[in-house]
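Read top to bottom, the protein sequences are chains A and B. Residue numbering for the first sequence follows the numbering used here, starting at 14 and increasing by one per position. Residue numbering for the second sequence follows the numbering used here, starting at 1458 and increasing by one per position. Data block below; observations after.
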Amino acid sequence: MSLLEVRGIDVFYGNVQAIREVSFDVAGGEIVTVIGANGAGKSTTLKTLAGLMKPRKGTILFGGKDVTGLAPFDLVELGLVLIPEARQLWPGMTVLENLELGAYGKRARRERAGTLETVFGMFPRLRERLRQNAGTLSGGEQQMCAIGRGLMARPKLLLLDEPALGLAPMLVREVFKSLRTIRDQGVTVVLVEQNVSHALAIADRAFVLETGRVTLSGPARELARDRRVKDSYLGFASA
Amino acid sequence: MQELREVLLNTLLAAGLYATMSYGLAVIYGVMRIINLAHAGLMMLAAYVTFALYTRYEMDPFLSLVVVIPLFFLLGVLLHRFVVRRLPRTTGTPTMQSLLLLFGVWLVLQNLAYALWTGDTQSILTPYTLKSVTLLGVRVGVPNLLVFGVSALSLLALNFVLKRTYLGRAIRAVTQNRDAALLSGIDADRLSAITFGAGTAFAAIAGTSLSTLYAFTPDFGRSFLLKAFCIIVLGGMESFTGVAAGALVLAFLENALAAWTPIPTSFQDAISFTLLVLVLVAVPQGLPGIARKVARWRASS
């Protein structure tokens, strides 16, 4: 059974339609990546899944349960967590405070101490920066803190919006490596990423969004070889 | 030297009260992006409730806080539940609807007070109202000292909650980045209700304090609301230390100008108004903006 089933959702910004009848499935334990140009609706899709936006049509099932239109905090409690674009940390709070607040929900709060150790195991650098304000971290450290905060909520499904944006190549590799570790710990991952070749390399499956519609989907390895994907999204990186 | 001591001590005493009434506004603004224009009305109402408890039950005004604080917290939660929550949600700047709505609430509270207590000037005269003590060589009114004590305790309590509890951290999180707070599982609606209650309780603490220092009518509170605006614009809406600094600056200017210039004390309200305009024109980001500029300048040189 699929962990996440999206059935024909339409999403609007005011009167502008951003998502048209998008449907896809995510099975438990896989990494799925969403590919698309700027403005294709990738971020909107993730925001809708996380409850920040409400679909005007269609349904979203999570773990077989209809979660369409639920508030973000309800979805977090169920285990559906979004790590938003541009990190969105609380700059005036310390790294520890950011992480601890990630475990705000009842379920996550009980396991806070243990999860914190797991996060430090994955990102030892965060332990060194514990008492520092999140606003003073480097870009890479901020991303680690953002991923760490997301993990603190004990997600079953983790949605990531552009986690490698603006990072140095070395750090990009580290972030992608951490996503594999997260999946190996049993968390399902949906990844939106500009860096398509990296994303396809770690993903099991992928689908392509074009102007709000799913135009292509399949195993990531096949899509990486697909001519249309190569021409539109991989550019010279595939040459 | 004596004058300087007087000015500094009076500044400190006044700043405590100013900060207390400003935090009520700031915390509500931070979480909901709403400017609570009813703040003045709530201060006034708290003054009357304190007055009623004193005249009916001979309850000491400072002791009455034990009743007033929970009562106004509840009032704030109800105000949020039945009035404020119906506003369209905003994430950016306060909307005209929210300003008008809360201005309306203020008018309702004012007229309620007229109906219940008439427009006559009231004051609370306790056995210690006119007493004073000498502190560091300066004569200070006993009520002023007690008010400072209440303010200091309230601010310490607020600081503890904001820094050490999950609830307080959630309030700071919503203030700093609302979307991130929602995505971390924080129920913003419930938190807004609690925040509105807390902001109202702070208005009440300020109102009760003011009632021991000044006479009041149902119009009471307007000039103090203005001072709170001035402090918040000066200190920035989102930082605890900023508001405290703003309160100190305003209190110092008021006391210093009264002591060292021929400006009469009846012009005190004009000081906050002038300062408000000057700050908005010259340094719209307030003290935090200046601090950031200085930090950048020092980093670059």
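Glycine included, each C-beta is placed from N, C-alpha and C at the ideal position.
Straight-line gap, B/T1477 to B/A1614 (C-alpha atoms, nearest Å): Counted from its first residue, the second sequence places residue 1477 of chain B at position 20. Counted from its first residue, the second sequence places residue 1614 of chain B at position 157. Rounded to whole angstroms, the gap between the alpha carbons of B/T1477 and B/A1614 is 11 Å.
Which residues, in chain order, does the stretch 22-39 of chain A contribute to contact with chain B at a C-beta distance below 7 Å? Those residues of the stretch 22-39 of chain A that come within reach of chain B (Cβ to Cβ, closer than 7 Å) do not exist; the list is empty.
So who's on the other strand from A/P232, going by DSSP bridges? Working through the first sequence from its first residue, we reach residue 232 of chain A at position 219. In the DSSP output, where bridge partners are listed per residue, A/P232 has A/R218.
Output the distance between the C-alpha atoms of A/L83 and B/G1642, rounded to the nearest integer angstrom. Numbered from its first residue, the first sequence carries residue 83 of chain A at position 70. Numbered from its first residue, the second sequence carries residue 1642 of chain B at position 185. Per the coordinates, the alpha-carbon of A/L83 lies some 12 Å from the alpha-carbon of B/G1642.
The stretch 1545-1558 of chain B: which residues have C-beta closer than 7 Å to a C-beta of chain A, in chain order? Under the 7 Å Cβ criterion, the stretch 1545-1558 of chain B contributes no residue.
Test item: CB-CB of A/L173 and A/I96 under 7 Å: One-based indexing of the first sequence puts residue 173 of chain A at position 160. One-based indexing of the first sequence puts residue 96 of chain A at position 83. Yes; because the gap between Cβ atoms is below 7 Å, this pair is in contact.
Pop quiz: B/S1729 and B/A1504 are said to be a contact at Cβ under 8 Å. What is the actual Cβ separation, rounded to whole angstroms? Within the second sequence, numbered from 1, the residue matching residue 1729 of chain B stands at position 272. Within the second sequence, numbered from 1, the residue matching residue 1504 of chain B stands at position 47. Their Cβ separation, rounded to whole angstroms, is 20 Å, which puts B/S1729 and B/A1504 out of contact at 8 Å.
Please classify B/N1493: does DSSP put it in a helix, a strand, or coil? Here residue 1493 of chain B corresponds to residue number 36 of the second sequence, with the count starting at 1. DSSP, reduced to helix, strand and coil, places B/N1493 outside both helices and strands of the structure shown, so it counts as coil.
Listed by chain order, chain A residues near B/Q1633 by CB distance under 8 Å: Start at 1 with the first residue of the second sequence, and residue 1633 of chain B comes out as number 176. Against chain A, the beta carbon of B/Q1633 has neighbours under 8 Å at W103, P104, G105 and M106, listed in chain order.
Going by the beta-carbon positions, is the gap between A/V188 and A/Q156 smaller than 7 Å? For the purposes of this step, residue 188 of chain A is taken as residue 175 along the first sequence, with counting starting at 1. For the purposes of this step, residue 156 of chain A is taken as residue 143 along the first sequence, with counting starting at 1. When the beta-carbon positions are compared, A/V188 and A/Q156 come within less than 7 Å of each other.
Quick check: what's the CA-CA separation for B/L1670 versus B/A1472? In the second sequence, the residue the question calls residue 1670 of chain B occupies position 213. In the second sequence, the residue the question calls residue 1472 of chain B occupies position 15. Taking the straight line from one Cα to the other gives about 14 Å.
In chain order, each alpha helix (DSSP H) run of at least 4 residues that lies wholly inside the stretch 1672-1730 of chain B: Complete alpha helix (DSSP H) runs here, min 4: 1679-1692 and 1697-1717.
B/V1740 (DSSP reduced to helix, strand or coil): As a working mapping, residue 1740 of chain B is identified with position 283 in the second sequence. Secondary structure of B/V1740 (DSSP, three-state): coil.
In terms of residue numbering, what span does the beta strand (DSSP E) encompassing A/D197 cover? Counting from one through the first sequence, the residue named residue 197 of chain A turns up at place 184. Note, A/D197: premise wrong, no beta strand (DSSP E); alpha helix (DSSP H) at P182 to D197.
Tell me which same chain residues have a C-beta within less than 6 Å of the C-beta of B/N1601, skipping the five on either side of it? Stepping through the second sequence from its first residue, residue 1601 of chain B is reached at position 144. Correct list, in chain order: L1470.
Which residues, in chain order, does the stretch 147-163 of chain A contribute to contact with chain B at a C-beta distance below 7 Å? Answer in chain order: R162.
Compare the C-alpha of A/R218 against each of A/L17, A/R33 and A/V47 and name the closest. Along the first sequence, one-based indexing puts residue 218 of chain A at 205. Ranking A/L17, A/R33 and A/V47 by Cα distance to A/R218 puts A/V47 first.
From A/T224, A/F136, A/K169 and A/A237, pick the residue whose C-alpha is nearest to that of A/K190; which is it? Residue 190 of chain A sits at position 177 when you count from the first residue of the first sequence. When only C-alpha atoms are compared, the closest one is A/F136.
If you compare alpha carbons, which of A/G71, A/L65 and A/R100 is closest to A/D87? For this step, residue 87 of chain A is matched to residue 74 along the first sequence. If we check each option's Cα against that of A/D87, A/L65 comes out closest.
Terminal residues of the continuous alpha helix (DSSP H) containing A/R120? Your numbering for residue 120 of chain A matches position 107 in the first sequence. Its alpha helix (DSSP H) spans residues K119 to R123.
Taking the straight line between their C-alpha atoms, what separation do you get for B/D1765 and B/F1530? This structure does not reach residue 1765 of chain B, given that chain B is present from 1458 up to 1758, and the question cannot be answered.
Run the CB neighbour count on A/L236, radius 10 Å, all protein chains shown included, and call it buried at 16 or more, exposed below. What you label residue 236 of chain A is simply residue 223 of the first sequence in a count that begins at 1. Label assigned to A/L236: buried.
Simplified DSSP assignment, three categories, for A/S15: Stepping through the first sequence from its first residue, residue 15 of chain A is reached at position 2. Three-state DSSP puts A/S15 in a strand.
Cβ closer than 9 Å: which chain B residues qualify as neighbours of A/V89? The residue you call residue 89 of chain A lines up with position 76 of the first sequence. Here the neighbours are L1639, L1640, S1641, G1642 and I1643.
Below 8 Å on the Cβ atoms is my contact criterion, and I expect A/G92 with A/P168 to pass it. Report the Cβ-Cβ distance as a whole number of Å. Mapped onto the first sequence, residue 92 of chain A falls at position 79. Mapped onto the first sequence, residue 168 of chain A falls at position 155. Contact between A/G92 and A/P168 is confirmed by a C-beta separation of about 5 Å, below the 8 Å threshold.
Taking 7 Å as the threshold (beta carbon to beta carbon), is B/R1753 in contact with chain A? Taking the second sequence and counting its residues from 1, one reaches residue 1753 of chain B at position 296. By this cut-off, B/R1753 is not an interface position.
A/L62: which of A/S230, A/A40 and A/V89 sits nearest, CA to CA? Counting from one through the first sequence, the residue named residue 62 of chain A turns up at place 49. Checked all of A/S230, A/A40 and A/V89; the closest Cα to A/L62 is A/V89.
How would you label B/S1580, buried or exposed, when you count the other beta carbons within 10 angstroms and need 16 or more for buried? As a first step, residue 1580 of chain B must be located in the second sequence, where it is residue number 123. By the C-beta density criterion, B/S1580 is exposed, having fewer than 16 other C-beta atoms within 10 angstroms.
Between which two residues does the alpha helix (DSSP H) carrying B/S1608 extend? Counting from 1 along the second sequence, the entry for residue 1608 of chain B is found at position 151. Per DSSP, the unbroken alpha helix (DSSP H) holding B/S1608 starts and ends at V1599 to R1621.
Distance check for B/A1702 and A/A252, CA to CA, integer angstroms please. Walking along the first sequence from the start, residue 252 of chain A turns up at place 239. Walking along the second sequence from the start, residue 1702 of chain B turns up at place 245. Below a pLDDT of 50, predicted positions are generally treated as unreliable, and A/A252, at 38, falls in that range; no measurement from the model is reported.
Starting from B/V1562, trace the alpha helix (DSSP H) in both directions and tell me its first and last residue. Residue mapping note: residue 1562 of chain B aligns to position 105 of the second sequence, counting from 1. Note, B/V1562: alpha helix (DSSP H), M1553 to W1574.
Within chain A, the residues that B/A1630 reaches when beta carbons sit closer than 8 Å: As a working note, residue 1630 of chain B is residue 173 in the second sequence. The contacting residues are W103, M106 and L114.
Taking 7 Å as the CB-CB limit, is A/E98 close to chain B? As a working note, residue 98 of chain A is residue 85 in the first sequence. No, no contact with chain B.
Residue-level contact to chain A via CB, B/R1626, 7 Å cutoff: Position 169 of the second sequence holds residue 1626 of chain B. Closer than 7 Å: yes.
Please state whether the Cβ-Cβ distance between A/V209 and A/L178 is less than 7 Å. Walking along the first sequence from the start, residue 209 of chain A turns up at place 196. Walking along the first sequence from the start, residue 178 of chain A turns up at place 165. Their beta carbons are not under 7 Å apart, which means A/V209 does not touch A/L178 by this criterion.
Residue-chain proximity (A/G118, chain B), Cβ-Cβ < 7 Å: Here residue 118 of chain A corresponds to residue number 105 of the first sequence, with the count starting at 1. Yes - at least one Cβ of chain B is within 7 Å of the one on A/G118.
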